[in-house]
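Just below is one structure, and these are the notes that go with it.
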Amino acid sequence: MIRLVGALVSVLLASSSVVWGQTFKQIAKTSAAVERAWAKGQTEKALKKSEELYGQRKSFFYSTMHDRLVRLIQQDENRYWWDYLEALWEKADANQQEALAPLYLWGRTVAAQDEEEYALIREDLFRLQEENFHEYGKLERYAQLTLQELVKNSAASEDFKKQVVANNIARLQAYPYLVEIPEDHLEYITRASNRFLLAYAYDYLFSHIEEKEEYLRNAAEFSPDELDLLNTYSAYHDGLLLTGFNRVPVGFRSKYHTYLVENSGDRTSIELLAEFAFIQPTDANLKALKESFVKQHGEEASFETFWREFITSKATDLPLLNIPFGDEVLELAAPKDHWTYIYVWGTWCVPCVKDLPNFQPFYADNLLKSTSNLKIYTLSYMSRNLGGFMKKNGYTFPVSEISNEMKDTLGISKYPTKMLITPEGKFIELPMDLDWQTSLRNYVLL
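Residue numbers for the sequence shown follow the UniProt record's numbering, beginning at 1 and rising by one.
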């Protein structure tokens, strides 16, 4: 239920008009009722609640289909879902059928039992890849799932597999923001999903068709980048359904890195390894980067300088903003001789309050290190009784309340927001689901 509400919240924020309060609670309640009816095989009740949900807000209806029903299809051996899906298909109007066609085709594939039905499915899949572009259709996801099911049942030739994946790649490559950053923040969700699906398609070619480096390189290139990772759940369900990985998908960069090491040895590109380490700043990725750097440049070369300059090249300019902070004024964009970590939070923010007990010891440990090149500040927004909250919890990290104008100037739209500012006065934002302590340690080389 928690994940369901989380998924609904994500769709809510992406909607053109935000529904709050009692209306949202009712929508969540209706969606949960649909799920319960599915699980019990109550087809008529599920249909009735589905109609109710569609009437409340169609985006939530499709989210429930694409994020919840699909999991039931993978898990329910009683096939209650098929009774529901067939009945829903019969009741749907033309526009609804167009939106549900890719999901319905995959359901048919899971339910199919003979070659005659598989042959019809293969024809329908090619037809949908040519014709179906419905905004709620998610055809690229279901094309891959349908292919998986056909392969599992020995109902897909090599040529058929190649063509399905090639069609998927062609459709996804037509998306205009695979590399460019869209101005509309609501487009970030679609961007992250399309990039992951494209990366998956290329990895499928490498893993199941032909082990060409080009395929794996493209899979790595379109794996979630720093912007995609900031939109935490954008490709979560795609990754879960296609790979079984029950977390936000990280893509195929590590796989490509392993391939390069095994096939290129010391010739592995420093820039490529730096890209891997920047997007996924794990201990293993940083270790691989440092070892390769030393092999190519020697012990005398400064890895610290190389790494700082690389991060700065990926960072974004800060607005010229001075923030009063106790006896000092923070000039965030001014060059400094240290890194700066800014944590933006509020006493009303549940994820922030849960995170702060881990933040306090990190701040205290960093303060005790005389050689640390990291300074830490926190900014509070719209907190109530901030001083009392700090005292009650024994927090000693520095905090200053910021105004709405300052918040807007910094572009803060979610909480907590974690910003790492380079000595050159540029910043990167740390994704919410990232292990921020490991990330900070490896970015700053603490």
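Every residue, glycine too, gets a C-beta built ideally from N, C-alpha and C.
Nothing here was measured: the structure is a model prediction, and the numbers come from that model.
DSSP state of residue i, grouped into three classes?
{"i": "residue 380", "result": "strand"}
{"i": "residue 322", "result": "strand"}
{"i": "residue 432", "result": "coil"}
{"i": "residue 73", "result": "helix"}
{"i": "residue 362", "result": "helix"}
{"i": "residue 375", "result": "strand"}
{"i": "residue 25", "result": "helix"}
{"i": "residue 316", "result": "strand"}
{"i": "residue 142", "result": "helix"}
{"i": "residue 396", "result": "coil"}
{"i": "residue 209", "result": "helix"}
{"i": "residue 38", "result": "helix"}
{"i": "residue 342", "result": "strand"}
For the beta strand (DSSP E) that contains residue i, what are its first and last residues?
{"i": "residue 427", "result": "426-429"}
{"i": "residue 294", "result": "Looking at the DSSP string, residue 294 is not in any beta strand (DSSP E); the run it does join, the alpha helix (DSSP H), is 283-297."}
{"i": "residue 417", "result": "417-421"}
{"i": "residue 179", "result": "From DSSP, residue 179 is part of no beta strand (DSSP E); its letter is neither H nor E."}
{"i": "residue 264", "result": "Careful: residue 264 lies outside any beta strand (DSSP E), inside the alpha helix (DSSP H) at 253-264."}
Going by beta-carbon coordinates alone, are residue i and residue j separated by less than 8 Å?
{"i": "residue 203", "j": "residue 192", "result": "no"}
{"i": "residue 420", "j": "residue 430", "result": "yes"}
{"i": "residue 280", "j": "residue 362", "result": "no"}
{"i": "residue 216", "j": "residue 252", "result": "yes"}
{"i": "residue 475", "j": "residue 110", "result": "Lying outside 1 to 446, the shown extent of the chain, residue 475 is not represented and no answer is given."}
{"i": "residue 165", "j": "residue 205", "result": "yes"}
{"i": "residue 120", "j": "residue 146", "result": "no"}
{"i": "residue 140", "j": "residue 172", "result": "yes"}
{"i": "residue 400", "j": "residue 324", "result": "yes"}
{"i": "residue 77", "j": "residue 106", "result": "no"}
{"i": "residue 37", "j": "residue 45", "result": "yes"}
{"i": "residue 48", "j": "residue 30", "result": "no"}
Tell me which residues share the same chain as residue i and place their Cβ nearer than 7 Å to its Cβ, disregarding the 5 neighbours each side in the sequence.
{"i": "residue 9", "result": "Unreliable placement is indicated for residue 9, whose pLDDT of 41 sits below 50; the coordinate value is still reported in the next sentence. Cβ neighbours of residue 9 beyond the five flanking positions: none."}
{"i": "residue 320", "result": "333"}
{"i": "residue 426", "result": "312, 315, 316, 317 and 318"}
{"i": "residue 422", "result": "308, 311, 312, 315 and 339"}
{"i": "residue 21", "result": "With a pLDDT of only 49 at residue 21, under the threshold of 50, the placement of this residue in the model should not be trusted; the figure read from the coordinates follows. Hits under 7 Å: none found."}
{"i": "residue 352", "result": "345, 346, 415 and 416"}
{"i": "residue 1", "result": "Because the pLDDT at residue 1 is just 39, under 50, the model does not fix this residue reliably, and the value given afterwards should be weighed accordingly. Here the set comprises 32."}
Of the residues the options, which one's Cα is nearest the Cα of residue i?
{"i": "residue 134", "options": "116, 95, 118 and 105", "result": "95"}
{"i": "residue 175", "options": "163, 159 and 196", "result": "196"}
{"i": "residue 222", "options": "289, 356, 210 and 254", "result": "254"}
{"i": "residue 103", "options": "115, 398, 129 and 442", "result": "129"}
{"i": "residue 59", "options": "75, 90, 24 and 89", "result": "24"}
Tell me which residue opens and which closes the alpha helix (DSSP H) that residue i is part of.
{"i": "residue 43", "result": "43-56"}
{"i": "residue 110", "result": "94-111"}
Short of 8 Å in beta carbon distance, which residues of its chain neighbour residue i, apart from the five on each side in sequence? Order them along the chain.
{"i": "residue 245", "result": "239"}
Can you give me the Cβ contacts of residue i inside the same chain, cut-off strictly under 6 Å, excluding the 5 residues immediately before and after it?
{"i": "residue 159", "result": "none"}
{"i": "residue 66", "result": "138"}
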